[in-house]
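**Q**
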Amino acid sequence: MSEESAATHPVFEQVNLAVGTWAWGDRLFWGYGKEYQEEDLRQVFRHCLASGIRFFDTAEVYGQGRSESLLGKFIQESGERVTVATKFMPYPWRLRKTALLKALRASLKRLGLQAVDLYQIHWPYPPVTVETWMDAMIEAHQEGLLRSVGVSNYDRQQMERAQNTLTRKGIQLVSNQVEYHLLNRRIERNGLLKQCQGQGITLIAYSPLAQGILSGKYTPENPPSGPRRGRYGRRMLAVIQPLIRLLNKMSADYDGKSPAQIAINWTICKGTLPIPGIKTVEQFEQDFGAQGWRLKEEDVALLDEMSDQVTGKL
Ligand SMILES: NC(=O)c1ccc[n+]([C@@H]2O[C@H](COP(=O)([O-])OP(=O)(O)OC[C@H]3O[C@@H](n4cnc5c(N)ncnc54)[C@H](OP(=O)(O)O)[C@@H]3O)[C@@H](O)[C@H]2O)c1
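Residues in the sequence shown are numbered consecutively from 115, following this note's numbering.
1) According to DSSP, is A276 part of a helix, a strand, or is it coil?
2) Leaving out five residues on either side along the sequence, give the residues of the same chain with a beta carbon under 6 Å from the beta carbon of T197.
3) Assess contact between the segment 215-229 and the segment 264-271, defined as three or more Cβ pairs (one per stretch) separated by less than 8 Å. Is contact present?
4) If you drop the 5 nearest sequence neighbours on each side, which residues of the same chain put their C-beta closer than 7 Å to that of D418?
5) Quick one: what's S289 bridged to in DSSP?
6) Who pairs with P388 in a beta bridge, going by DSSP?
7) In whole angstroms, give me the CA-to-CA distance for T425 and I354.
8) Under three-state DSSP, which class holds M115?
9) From what residue to what residue does the alpha helix (DSSP H) around T246 run?
10) Return the CA-CA distance between T333 and Y346, expressed in angstroms with no decimal places.
11) Taking 9 Å as the cut-off, decide whether the C-beta atoms of Q271 and A120 are in contact.
12) Would you report the Cα separation of I389 and Q423, rounded to the nearest angstrom?
13) Considering only heavy atoms of ligand 1, does any lie closer than 8 Å to the CB of A276?
14) Hey, how far is the Cα of E153 from the Cα of R275?
15) To the nearest angstrom, how far is the alpha carbon of S183 from that of R408?
16) Taking the alpha carbon of E253 as the point to measure from, which residue in L214, A137, Q277, P238 has its own alpha carbon closest?
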């Protein structure tokens with residue numbers, strides 16, 4: 115269960131679940147334009163607002179800018195204020211602070227916004243130091259281009275360095291976005307989750323469904339198509355079936371909640387903010403139903419145990 119938590123930043127107030135938009139406009143990995151189109155995503159966006167989900171996570175690299183453009187278009191069409199988190203990719207040719215400000219302005223243009231609510235460094239890639247990018251974040255904050263600062267895929271030391279640099283200027287590091295789901299619990303073991311919770315840094319859990327695998331719809335006989343098959347191939351799918359069976363079995367105890375809903379709820383019970391990737395209204399309706407209730411402590415423990423068992427065999 116979640117540790118004693120320090121207060122989180124107001125940007126996350128009353129946010130239990132946000133929508134991940136990597137697949138919005140991404141043809142290569144997710145197949146945008148084939149299985150789902152702009153209109154599907156517009157409908158997802160409208161359903162989100164109608165249901166009170168107003169926090170969207172995107173990145174300049176998603177669909178090479180198309181994710182931000184689609185999100186910006188939908189926001190403009192709605193005329194409503196939503197919370198937008200986007201990300202800066204520290205490509206190896208981006209060597210100066212000014213690169214971040216330039217990239218942020220380009221993101222804002224695609225999004226049609228004056229400022230983003232949360233700006234995150236996507237990966238802690240070298241050669242530029244953590245401190246340099248945080249200095250750039252401070253400048254962007256002073257210019258009013260961002261409202262809060264986050265990081266992504268940072269380890270404990272990198273997070274601490276980011277936090278120290280920001281704190282010297284009176285700015286808080288509000289989040290660290292990392293992979294977290296029943297098949298990847300590294301952050302529980304390496305102390306990152308605990309560190310975040312102790313310092314009021316929101317742990318944003320990406321890929322809470324392990325890229326759709328924890329929904330149970332993919333089996334050794336029916337693996338996902340495309341690049342996901344590399345990581346979640348037939349052998350892996352065979353090994354994790356006991357976990358999928360447990361998720362299905364729990365469904366009966368929770369009013370028919372689906373495996374996807376139970377898997378996402380597990381990340382909420384651990385004190386993180388899940389951002390499932392959603393392409394269709396059907397997926398939205400399911401994933402939306404993953405919040406507003408809680409698994410019993412003993413069921414979280416059962417899932418932990420089964421997750422240990424199956425991941426131990428991978
Ligand atoms: N910071 C980073 O480095 C980083 C990395 C990865 C992701 N992210 C963020 O995290 C978000 C979510 O991660 P993700 O998209 O990798 O993985 P995810 O949320 O674990 O899986 C999303 C995929 O699962 C399937 N799905 C979603 N809901 C479903 C449901 N109810 N039933 C059945 N299938 C369902 C859909 O794909 P299919 O229908 O094709 O199966 C969907 O695209 C991204 O959009 C992005 O915002 C960040």
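For glycine and all other residues, C-beta sits at the position ideal for the given N, C-alpha and C.
**A** On the basis of the data shown:
1) helix
2) R168, F169, D231
3) They do not touch, by the three-pair rule.
4) none
5) According to DSSP, which records beta bridges pairwise, S289 is partnered with G264, T316.
6) A319
7) 8 Å
8) Because the pLDDT of M115 is 43, which lies under 50, any placement of that residue in the model is unreliable, and the number read from its coordinates should be weighed accordingly. Coil.
9) Per DSSP, the continuous alpha helix (DSSP H) segment holding T246 begins and ends at 244-256.
10) In a straight line, the C-alpha of T333 is about 10 Å away from that of Y346.
11) no
12) 25 Å
13) no
14) 42 Å
15) If you draw a straight line from the Cα of S183 to the Cα of R408, it comes to about 35 Å.
16) L214
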